[in-house]
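These notes are about the structure you will find just below.
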Amino acid sequence: MQENFSLKSYNTFGVDVKAKYFTEAETIEELKNAVNYSKDHGLSVLFLGGGSNILFTKDFNGLAIKLSLKGISEEHLNENEVLVTAKAGENWHEFVMYSLEHNYGGLENLSLIPGNVGTSPMQNIGAYGTEIKDVFVSCMVLDLENLELRIFDLGECRFGYRDSIFKQEGKGRYVILEVTFKLTKKDHHIKTEYGAIKTELENLGITHPTIQDISKAVINIRQSKLPDPKVTGNAGSFFKNPTIPLTQFEGLKQNFENIPGYPNGDSVKVPAGWLIEQCGWKGKQIGNVASHQLQALVIVNATGNATGKEIYDFSTEIISSVKEKFGIDLEREVNII
Ligand SMILES: Cc1cc2nc3c(=O)[nH]c(=O)nc-3n(C[C@H](O)[C@H](O)[C@H](O)COP(=O)(O)OP(=O)(O)OC[C@H]3O[C@@H](n4cnc5c(N)ncnc54)[C@H](O)[C@@H]3O)c2cc1C
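Right, here's the structure in full:
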């Protein structure tokens, strides 16, 4: 247990805040001990994965527990399917690389997403036409109400767009300890439709892509347009893409004929990055904080000295201008502490 512990290197925004207490849990026993300690001392707890989807706006006056449970195991179901289980503290991208080294398909479009495996169900991480719900089987959690272990299957997780039960009523109650995915061993489902994957494969001269090729293309695209948190502090997309009623979208089309939208029944998903860019935020810097010059949806700690409050206030300004211009409410994707 460490006191007044700096969390600067534990959040990808690089915000310099302190946790009153900090500890690391490598086993379920250590985790239970830490949780019991917090209960005995009346401390609130905060669980930390890779810190890539979190914004600290102030010091954390409780016990921060870094989840460092490690290990990967496999259960072969048949000639084509394998269940792969990874513990919460495994780095997500390294886990994806593990799957590709074994030629297991299903995770390749999710290459290079920062963070840990244990956090992946929290917001049903997704990119390039895939979400973890597509290959998710179950996860084991610790229920903080009774310190018992429990399994959540796919239906119980109630996955949605950047959403799950763990971000809703289960928030603060369940700690995800390990996640099981069902991956393919030979009949891989290659997904090239989304984003610039096809163009990137053409650039690489690949006509019959393998799952490893898809991963390579995704990595190239991500590296070309997203800031590396090791160089410039950020948490990826700061806002979710809003979903609005079709009637509202049609109304907006009258004034903004180029507004992009992805219809789904009687609602339409609108890219938040486009809305923010139209309000003039792309590349704009105020003090230590900026909207990224290549992707307006990403807010960056431009000087490395931004406080969480500055970043939060910057995001509030963006929300106000999008509301004023389009009448659309943006919702933050990043967890605010
Ligand atoms: C450059 C960049 C690109 C990104 N691209 C994408 C993308 O393409 N798609 C996408 O979906 N996301 C993306 N993200 C967001 C982020 O990588 C994911 O949300 C990731 O899953 C966060 O994992 P983490 O371990 O870093 O979470 P943390 O930031 O450590 O934690 C996030 C929240 O989950 C809680 N938590 C952490 N671990 C657990 C656990 N085991 N059990 C219960 N609660 C827990 C924390 O208390 C916190 O509230 C990106 C981020 C960056 C910086």
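Residues 50 to 386 (my numbering) are what the sequence shown spells out, left to right. Just so it is clear, CB atoms sit at the ideal spot from N, CA and C, and this is done for glycine as well.
Per DSSP, the bridge partner or partners of residue i
i	result
residue 316	294, 313
residue 325	Answer by DSSP bridge pairing: none, since residue 325 is not bridged.
residue 199	190
residue 74	116
residue 212	209
residue 90	Paired residues: none, contrary to the question.
residue 384	103
residue 238	According to DSSP, residue 238 bridges with nothing at all.
residue 335	338
residue 223	192
residue 95	113
residue 125	131
residue 246	Paired residues: none, contrary to the question.
residue 349	283, 339
residue 165	140
residue 180	175
8 Å contact criterion, which residue i and residue j should meet: CB distance rounded
i	j	result
residue 167	residue 138	7 Å
residue 117	residue 83	Not quite, the Cβ-Cβ distance comes to about 12 Å (not below 8 Å), so this is no contact.
residue 311	residue 243	Contact doesn't hold; Cβ gap of about 11 Å is too wide.
residue 184	residue 149	With 8 Å as the limit, residue 184 and residue 149 do not qualify as a contact, their Cβ atoms being about 13 Å apart.
Closer than 7 Å: residue i CB and nearest ligand 1 heavy atom
i	result
residue 61	yes
residue 172	yes
residue 83	no
residue 168	yes
residue 263	no
residue 284	yes
residue 266	no
residue 211	yes
residue 307	no
residue 163	yes
residue 215	yes
residue 96	yes
residue 405	This structure cannot settle anything about residue 405, because the visible part of the chain is limited to 50 through 386.
residue 158	no
residue 135	no
residue 269	no
residue 321	no
residue 101	yes
residue 278	yes
residue 70	no
residue 254	no
Local conformation of residue i per DSSP, three classes
i	result
residue 271	helix
residue 53	strand
residue 144	helix
residue 175	strand
residue 229	strand
residue 139	coil
residue 83	helix
residue 134	strand
residue 266	helix
residue 150	helix
residue 304	helix
residue 218	coil
residue 289	coil
residue 375	helix
Alpha-carbon to alpha-carbon, residue j and residue i
i	j	result
residue 325	residue 285	15 Å
residue 302	residue 334	29 Å
residue 355	residue 198	39 Å
residue 120	residue 226	11 Å
residue 151	residue 260	11 Å
residue 104	residue 194	26 Å
residue 257	residue 54	50 Å
residue 113	residue 163	20 Å
residue 253	residue 245	12 Å
residue 141	residue 161	8 Å
residue 323	residue 96	33 Å
residue 209	residue 309	21 Å
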